[in-house]
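Below is one structure; the comments refer to it alone.
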């Protein structure tokens, strides 16, 4: 194995409860109930993609830009002041770096939120590069997202680990030929049995993973 891709939210940092509630709370403020199928859809998208999708799907009065700005303020405050790393996640990140692996952050989260996190936790140095959905115009449920990372790293997909909590991302990475590691996340615990069954490895916590 030569490289590793880490998801951000729900994998390296404990932020999924915030993301889970963000769209729901926004729609509830407009007296709109978030449908389950919509909740599943927006989980695959970046915040900018979400803003456009919700605007069009619910025919909302505010522009997509205004919706995004409303979301952005809430997310930025959370990232700068409240979010915490998942147990032992940064230890594993450091161990991979010390062992000579190429490391990529592969996330649906926009760059403007990632930079404050890098600064707050001082982890920028661990990553060769960052790939977001907005950068490439591809959601993480598409195997092309992971093929692009493989090509940029110049490593075969079967030489790359992916650590992710989202079943749709793990499925896409598996289709692309990566070695997948499912990371337990409470907010999608109903998918845990499926994740355990369909991926190469699974961990309840990074405390279980030793870099070799």
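Residue numbers (this note's numbering): 3 to 214.
Virtual Cβ for every residue (Gly too), placed ideally from N, Cα, C.
| query | result |
| --- | --- |
| Contact check, residue 51 vs residue 163, beta carbons under 8 Å | no |
| Contact the stretch 25-39 vs the stretch 130-147: 3+ CB pairs below 8 Å | no |
| CA nearest to the CA of residue 206, picked from 174, 80, 191 | 191 |
| Simplified DSSP assignment, three categories, for residue 103 | coil |
| CB-CB length for residue 166 against residue 9, believed under 8 Å | 4 Å |
| Best match in 108, 146, 87 for proximity to residue 124 [C-alpha to C-alpha] | 87 |
| Residues near residue 6 by beta carbon distance below 6 Å, same chain, minus five either side | 98, 103, 105, 163 |
| Whole-angstrom distance between residue 151 and residue 15, CA atom to CA atom | 21 Å |
| Pairwise C-alpha distance: residue 21 and residue 81 | 11 Å |
| Where the alpha helix (DSSP H) through residue 28 begins and ends | 18-30 |
| Distance between residue 115 and residue 66 (C-alpha atoms, nearest Å) | 18 Å |
| Which residues DSSP lists as bridging residue 164, in chain order | 7, 182 |
| For residue 173, the nearest candidate out of 154, 158, 111, 142 (CA to CA) | 142 |
| Beta-bridge pairing of residue 132 - partner residues as DSSP gives them | 107 |
| Sub-8 Å separation of residue 176 and residue 201 beta-carbons | yes |
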